[in-house]
Structures are given as C-alpha cells and as structure tokens.
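Peer 1: Sharing a structure below in structure tokens format, with a few things to ask.
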Amino acid sequence: MSDVTPATQYDTEKLDDMAELLRAVAHPLRIAIIDLLQDGQQLTVTEIQKRLRVEQAVASHHLIILKNKDVLRAKRSGKTILYYLRNEHISRLIFFAQQAV
Numbered sequence: 002m003s004d005v006t007p008a009t010q011y012d013t014e015k016l017d018d019m020a021e022l023l024r025a026v027a028h029p030l031r032i033a034i035i036d037l038l039q040d041g042q043q044l045t046v047t048e049i050q051k052r053l054r055v056e057q058a059v060a061s062h063h064l065i066i067l068k069n070k071d072v073l074r075a076k077r078s079g080k081t082i083l084y085y086l087r088n089e090h091i092s093r094l095i096f097f098a099q100q101a102v
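Everything in the sequence shown is counted per this note's numbering, starting at 2 for the first residue and increasing by one.
So, in structure tokens, the structure goes:
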C-alpha cells in the first residue's frame, strides 16, 4: 500500500510540459509577441518586428522558439507567413501574469 494520497499524486509528464511552456514564454520579447497576437490577430514577422522595434532576426528567433514550443502556429498566405496563437489560453496566462505584478 502506498503512503501517497490521490491529492498528492501528480502527472509528472504534464508538469514537465507545463514547465516547458512557461520557460518558452518567460522572456519579455516573447510576452510582447503573445500580447500582439491576442484576439485572433495574425501578423507577419515584419509587422511584429516593426511594432516591437527590434531587428527582424531577433523577432524571427523568438517566433521560432514560440512556434517550436507550440505556443504559436504559422500559415502561409501568398509569399508571407502569418503567425498566430495556437489558442487563446496563453493570452489568459499573460493577462494573469500582468495582474500579479
């Protein structure tokens, strides 16, 4: 018989996934990108770069990190690639973080 009660059993894989997600967004520029993409916004790297006043390579680097961690998705529209949030839950995470500070 185990001394662990159901209330203290954790899905360690899910906890690892949650930690990975938090690490992916835990950068000021990535938080700003997520903020820009709220409410279904779809933007190109150039639009993001201009709004955040950073070099395009810097914006691209952070977009790739967010995309690789499945925070963002990208779709081709003609010759451009539009970035958007995978779901709006991540926007709520940012909202609550803003309220907490």
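Where a beta carbon is used, it is the ideal one built from N, C-alpha and C, also for glycine.
What residue from D36, E14 and L83 has the CA that sits closest to H90's CA?
Peer 2: On the sequence shown, position 89 is the one that residue 90 refers to. The shortest Cα separation from H90 among D36, E14 and L83 belongs to D36.
Peer 1: Rounding to the nearest angstrom, what Cα-Cα distance links A25 and T13 in this structure?
Peer 2: Here residue 25 refers to the residue found at position 24 of the sequence shown. Here residue 13 refers to the residue found at position 12 of the sequence shown. Spanning the two alpha carbons is a distance of roughly 18 Å.
Peer 1: From the DSSP output, in three-state form, read off A103 for me.
Peer 2: Outside the shown range of the chain (2 to 102) lies residue 103, about which nothing can therefore be said.
Peer 1: Is K80 helix, strand or coil by DSSP?
Peer 2: Here residue 80 refers to the residue found at position 79 when the sequence shown is read from its first residue. Residue state, collapsed to three classes: coil.
Peer 1: Using beta-carbon positions only, say whether L30 and L16 come within less than 8 Å of one another.
Peer 2: Here the question's residue 30 lines up with position 29 in the sequence shown. Here the question's residue 16 lines up with position 15 in the sequence shown. Cβ distance not < 8 Å, so L30 and L16 don't count as in contact.
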